[in-house]
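For reference, the structure discussed in these notes is given below.
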Amino acid sequence: MIAVDTNVIVRFLVRDDARQAEAVRRRLKLAEERRERLKIPLLVVLETIWVLESAYEKTRSEILDAIRDMRQMPVFEFEADRVIEGLLNDGPRCKADLADILIAHAAEKSGCDAGMTFDKGAAKLPFFNLLK
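Under my numbering, think of the first position of the sequence shown as 54, with each following residue one higher.
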C-alpha cells in the first residue's frame, strides 16, 4: 500500500497547480484501474485541515465535505477510519477547532480517558480539561 502526503491531497482538493493536479488525477485513475488502495495517514488529515484553513481559508463545512467525499472514494483508505468518522460527526456541531476534535478522537481511540490543554477552545470538548 502507498501512503499519500498532504501536498497530494491539497492539490487534489484545491487544484491550484494545474500540472500537479493533473498528475494526481492520473495517479488516482491508475490506482482505480488497478483496484489499488492509497492510505491517508491520520497526520495527513490533521495537516490538511491546517493547510486548508490557514493557506486556503476554506470553511469548516468545506473541509468536512472534502474529507467526507474522499472517504467515499474506493481508492482511499484512511488510517483510523473511526477517528475520521468521529471528526465528521462532531465537526459540524462542536465549536472547537477541527484539529482539536480530531486530536480528541484519536487520543480516545488510543485508550486515553481525557486530555489536558491550555486551549480554551479545545477545553469546550468533553474530552479535554483546561490546565490552569
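Virtual Cβ for every residue (Gly too), placed ideally from N, Cα, C.
8 Å contact criterion, which Pro145 and Leu117 should meet: CB distance rounded: By one-based count along the sequence shown, residue 145 stands at place 92. By one-based count along the sequence shown, residue 117 stands at place 64. Pro145 to Leu117, Cβ: 6 Å. Contact.
Meets three-Cβ-pair contact criterion under 8 Å: the segment 61-68 and the segment 103-117: yes
First through last residue of the alpha helix (DSSP H) which encompasses Phe65: Your numbering for residue 65 matches position 12 in the sequence shown. Unbroken alpha helix (DSSP H) run through Phe65: 59-67.
For Ala74, the nearest candidate out of Ile62, Ala84, Glu85 (CA to CA): Within the sequence shown, residue 74 is the residue found at index 21, counting from 1. Considering only alpha carbons, the answer is Ile62.
Identified DSSP bridge partners for Thr170: If you number the sequence shown from 1, residue 170 lands on position 117. The partner list for Thr170 (beta bridge, DSSP) reads Leu183.
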